[in-house]
Structures are given as C-alpha cells and as structure tokens.
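Comments concern the structure below.
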Amino acid sequence: MKHSKPKSFFVSDISRKEYPLNEKVNINTLKNSLVDFIMKTNPGVTIQSCLSVTELNKMRHQFIANTMEEESKDLSELEKMVLEKIKNNVTITDKLDADEKLQQLTTGQRIADRVATFGGSWRFIILFGLFILVWITINIAWLANKAFDPYPFILLNLILSCLAAMQAPVIMMSQNRQEEKDRERSKNDYMINLKSELEIRLLHEKLDHLIIHQQSKLLEIQEIQVEMLNDVLDKVSERRS
Numbered sequence: 009m010k011h012s013k014p015k016s017f018f019v020s021d022i023s024r025k026e027y028p029l030n031e032k033v034n035i036n037t038l039k040n041s042l043v044d045f046i047m048k049t050n051p052g053v054t055i056q057s058c059l060s061v062t063e064l065n066k067m068r069h070q071f072i073a074n075t076m077e078e079e080s081k082d083l084s085e086l087e088k089m090v091l092e093k094i095k096n097n098v099t100i101t102d103k104l105d106a107d108e109k110l111q112q113l114t115t116g117q118r119i120a121d122r123v124a125t126f127g128g129s130w131r132f133i134i135l136f137g138l139f140i141l142v143w144i145t146i147n148i149a150w151l152a153n154k155a156f157d158p159y160p161f162i163l164l165n166l167i168l169s170c171l172a173a174m175q176a177p178v179i180m181m182s183q184n185r186q187e188e189k190d191r192e193r194s195k196n197d198y199m200i201n202l203k204s205e206l207e208i209r210l211l212h213e214k215l216d217h218l219i220i221h222q223q224s225k226l227l228e229i230q231e232i233q234v235e236m237l238n239d240v241l242d243k244v245s246e247r248r249s
C-alpha cells in the first residue's frame with residue numbers, strides 16, 4: 009500500500025506560482041501598512057492570502073520605493089502650493105495703496121489740503137512777513153500824509169483777522185481728514201500684524217505636520233528594513249545549522 013507524500017509546495021496568491029512550503033508567508037502576519045500596499049497593488053489578494061518569501065522581499069522593496077516617491081511628491085506639491093500662493097497673493101499694503109489711489113477727493117478736500125500745506129510752510133511765513141512789512145512801510149514812509157491805513161493799521165488787523173478766521177476752519181477740515189487717514193492706517197497696521205501672526209502660526213503648523221508625517225514614514229521604512237534583515241539572519245542561521 010502506497011502512502012501519498014505530503015505536499016512540499018504551495019501556490020502563491022500573488023503570482024499563482026509554486027514555491028517551497030518553507031517559503032510560505034501568510035499576509036495576515038505582516039504589518040498593516042505593508043498589507044494595505046500588497047492588497048492595493050494586487051486586487052485579488054485578501055487578508056487570508058499567502059505569498060512566498062521571495063515575493064515578500066520584492067513587495068518590501070516596492071513599498072519602500074513607493075513610500076520615498078510619495079514623500080518626494082508631497083514635497084514638490086508643497087513647493088508648488090507655496091509658489092502659487094506667492095504668485096497670486098495680494099498683500100495688504102498693495103491693497104491699501106490701490107485703495108488710496110482709487111479714493112476720489114472732493115474739490116473742498118483738495119483746497120483744504122493745499123491751504124493747510126501752504127499755511128504750514130516756511131514759504132507762507134516768509135511771504136506773509138514780507139506782505140506785512142511792505143504794508144507798514146507804504147503806510148508809514150511813502151504815504152505818510154495820505155496813508156490808506158495809518159497807524160495802528162486797523163485795516164491790516166481786519167485783514168489778518170479775516171484771514172485767520174477763514175484759514176482756521178480750512179486747516180481744521182484738512183486735519184480732520186488726516187486724522188481719519190491716520191485711524192485707517194492704524195487699523196491697517198493692525199491687520200498687517202495680525203496677518204503676519206496668522207501666517208507664522210500656519211507655517212509652524214505646516215512644519216510640525218510635515219515633520220510628524222516624515223517621521224512616521226521613516227519609521228515604517230525602518231521597520232520593514234529590520235524585518236528584511238531578520239529574514240536574512242534566519243536564512244544564514246538555517247544554512248549554518
């Protein structure tokens with residue numbers, strides 16, 4: 009009576025080829041990340057499938073290469089995103105300059121600004137001083153007997169009073185508008201500082217996320233490499249024994 013020999017081969021669910029039974033590896037004994045990769049690259053494979061050690065080593069190499077490629081893609085995508093943001097981003101200061109250019113001043117505002125600018129300059133002081141000096145000289149020296157405004161220069165005082173009365177509210181209008189501009193600029197400075205703070209915070213979060221992501225990927229690669237080294241050591245030990 010002949011006894012059938014036990015099978016010394018098995019069929020791999022990856023390639024459907026026969027391999028020695030001592031090379032059989034069940035997929036459910038592998039790491040989850042490697043299992044997901046094997047099932048993703050081989051649609052017909054399930055968690056109960058098996059493969060050979062040779063195929064497992066190939067899958068490990070592919071997993072490491074794929075992980076490194078994904079890392080490089082992530083970095084390139086991040087660089088593209090940053091460049092796109094820099095290219096399309098409109099800073100707050102540019103927006104403020106554009107708003108100031110688009111702002112239309114009324115005729116009264118332009119006159120008030122010019123009067124305030126001229127009234128607060130050395131040119132106005134010198135010209136006004138010369139005007140008073142000429143007025144006094146004409147009424148005292150040249151027209152001593154027929155002066156149209158003799159001492160104490162009542163007409164000159166009236167002109168100066170009227171000029172001050174007219175100039176003061178015009179300058180006040182210009183100052184009020186300048187105060188509005190200063191308040192708006194203070195608000196915009198706050199917005200710029202807030203935007204900078206938020207961008208710095210976002211940058212820190214992105215860096216932290218990138219570091220954590222890379223560390224987890226590197227840890228997975230190291231674990232796969234350690235498993236490969238252990239397999240090599242096991243084979244060496246078997247050959248020696």
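Numbering (this note's numbering), first residue to last: 9 to 249. From the three backbone atoms N, C-alpha and C, an ideal C-beta is built for every residue, glycine too. None of these values were measured; they are calculated from a predicted model.
1) Using a Cβ distance threshold of 8 angstroms, determine whether the stretch 205-217 contacts the stretch 158-166, with at least three qualifying pairs required.
2) Distance check for Arg209 and Val61, CA to CA, integer angstroms please.
3) Determine, using beta carbons only, whether Ile72 and Asn50 come nearer to each other than 8 angstroms.
4) Provide the residue span of the beta strand (DSSP E) that contains Phe132, from first to last.
5) Alpha carbon to alpha carbon, what distance is there between Ser194 and Ser204?
6) Could you tell me how far apart the beta carbons of Val19 and Glu26 are, in whole angstroms, since I believe they sit closer than 8 angstroms?
7) At a cut of 8 angstroms, does the stretch 165-185 reach the stretch 113-126 through at least three beta carbon pairs?
8) Looking at the unbroken beta strand (DSSP E) that takes in Phe17, where does it start and where does it end?
9) Taking the beta carbon of Arg68 as the centre, do at least 16 other beta carbons fall within 10 Å, making it buried, or is it exposed?
10) Would you report the Cα separation of Leu227 and Val234, rounded to the nearest angstrom?
11) So, with DSSP's three-state summary, where would you put Val33?
Based on what the coordinates show:
1) no
2) 48 angstroms
3) no
4) No beta strand (DSSP E) holds Phe132; the alpha helix (DSSP H) holding it covers 130-145.
5) 15 angstroms
6) 6 angstroms
7) yes
8) 17-19
9) buried
10) 10 angstroms
11) strand
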